[in-house]
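Visitor: FYI, the numbering for the sequence shown is 421 to 663, going by the numbering used here.
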Amino acid sequence: MKADPHDQRRLVDLADLDLRLAGLTHRRRELPEQTALDELQAERRAAAESAARARIHIEDLERAIAKLRSDLDAVRRRHANDSDLLAAGGVAERQRTELEYELRSLARRQETLEGELAELTERHEAVVADVRHSGAVVTDLEAQIERATAVRDRALAELEDAVTETIAERAREAEEVPADLLQYYMRSAEAAGVGAAVLNGARCSACAMDLDRSTVSAFRSAPADDVLNCPECGVIVVRTANS
Numbered sequence: 421m422k423a424d425p426h427d428q429r430r431l432v433d434l435a436d437l438d439l440r441l442a443g444l445t446h447r448r449r450e451l452p453e454q455t456a457l458d459e460l461q462a463e464r465r466a467a468a469e470s471a472a473r474a475r476i477h478i479e480d481l482e483r484a485i486a487k488l489r490s491d492l493d494a495v496r497r498r499h500a501n502d503s504d505l506l507a508a509g510g511v512a513e514r515q516r517t518e519l520e521y522e523l524r525s526l527a528r529r530q531e532t533l534e535g536e537l538a539e540l541t542e543r544h545e546a547v548v549a550d551v552r553h554s555g556a557v558v559t560d561l562e563a564q565i566e567r568a569t570a571v572r573d574r575a576l577a578e579l580e581d582a583v584t585e586t587i588a589e590r591a592r593e594a595e596e597v598p599a600d601l602l603q604y605y606m607r608s609a610e611a612a613g614v615g616a617a618v619l620n621g622a623r624c625s626a627c628a629m630d631l632d633r634s635t636v637s638a639f640r641s642a643p644a645d646d647v648l649n650c651p652e653c654g655v656i657v658v659r660t661a662n663s
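#1: Using the DSSP secondary-structure output, state which residues sit across from I656 in a beta bridge.
#2: Quick check: what's the CA-CA separation for V571 versus E589?
#3: Do you know offhand how far A617's Cα is from T586's?
#4: Since L434 and A594 are thought to touch, with beta carbons under 8 Å apart, how far apart are those beta carbons, to the nearest angstrom?
#5: Out of curiosity, what's the CA-to-CA distance linking L619 and T660?
#6: List the endpoints of the continuous alpha helix (DSSP H) containing D576.
#7: Once you ignore the five residues that flank M606 on each side, which residues in its own chain have a CB closer than 8 Å to its CB?
#8: How long is the line joining the alpha carbons of E534 and N501, rounded to whole angstroms?
#9: In or out: Y604 buried (at least 16 other Cβ within 10 Å) or exposed?
#10: Considering only the alpha carbon of each residue, which of D458, R429, M421 lies closest to R567?
#11: Look up D630 in the DSSP assignment and say whether it is helix, strand or coil.
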């Protein structure tokens, strides 16, 4: 293929713009500000889920505490009734023995229930404290998320501006390239990943390979308007004064 050397050099500028666009596209996909925001949102979800589980645990504990208190009240009432019967006197010896045995059993049962109630109450207070802490963590994370969202939005806006500017600059550059040469460039870009690159000495700047002497000699002796391709990577190689 033949093309004016000046037009060939435009291909290098076009390739630089395409590389810049590719870099901007990659940055948009891997935006650090978005990653930071995603991490904060994940932390918030984890904290909120932890708080939700803790609240369910609190409800379970409160039901258990309510049942223990009910059982404890029943034991205390029974103990009080038996004590009143003994204190009133007038009961048969066998009944007295049974009441005294029952009072001892009720006392042991009351002690057990009071211990369990104290333990559950302590656990309830600890879980309530955990919920308060989780709530504070969620509130703090929400504030961080709000700030991180603003930072992400600014970064995206700046990135979109850069993309828009680069696309416009590329369009202007592409308008100056003959249609057939531009199509050849696009095919090269699709096949090699890079449309055009400078030949620096004997090295292709696209694949960074040093070409053999016979290829370099052939390139140097080729007419200036010949469009050449790197034998290693297939990219269009543009000759300059340093080639």
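Ideal Cβ placement from N, Cα and C applies to all residues, glycine included.
Guide: Once the coordinates are examined:
#1: As a first step, residue 656 is located in the sequence shown; it is residue number 236 there, counting from the start. BP columns for I656 point to A616, N649.
#2: As a first step, residue 571 is located in the sequence shown; it is residue number 151 there, counting from the start. As a first step, residue 589 is located in the sequence shown; it is residue number 169 there, counting from the start. One C-alpha to the other measures close to 27 Å.
#3: Within the sequence shown, numbered from 1, the residue matching residue 617 stands at position 197. Within the sequence shown, numbered from 1, the residue matching residue 586 stands at position 166. For A617 and T586, the distance between alpha carbons rounds to 19 Å.
#4: Start at 1 with the first residue of the sequence shown, and residue 434 comes out as number 14. Start at 1 with the first residue of the sequence shown, and residue 594 comes out as number 174. That belief holds up - the Cβ atoms of L434 and A594 are roughly 6 Å apart, short of 8 Å.
#5: As a first step, residue 619 must be located in the sequence shown, where it is residue number 199. As a first step, residue 660 must be located in the sequence shown, where it is residue number 240. L619 and T660: Cα-Cα distance of roughly 7 Å.
#6: Within the sequence shown, residue 576 is the residue found at index 156, counting from 1. Strictly speaking, residue 576 in this sequence is Leu, with Asp absent from that position. 513–595 is the span of the alpha helix (DSSP H), which, as asked, contains L576.
#7: Here residue 606 refers to the residue found at position 186 when the sequence shown is read from its first residue. G615, listed in sequence order.
#8: Along the sequence shown, read from residue 1 onward, the residue named residue 534 stands at position 114. Along the sequence shown, read from residue 1 onward, the residue named residue 501 stands at position 81. Computed Cα separation, rounded: 19 Å.
#9: For the purposes of this step, residue 604 is taken as the residue at position 184 of the sequence shown. Y604 is buried by the Cβ-count criterion.
#10: Taking the first residue of the sequence shown as 1, we reach residue 567 at position 147. With distances taken between Cα atoms, R567 lies closest to D458.
#11: Counted from its first residue, the sequence shown places residue 630 at position 210. In the displayed model, D630 falls within a strand according to three-state DSSP.
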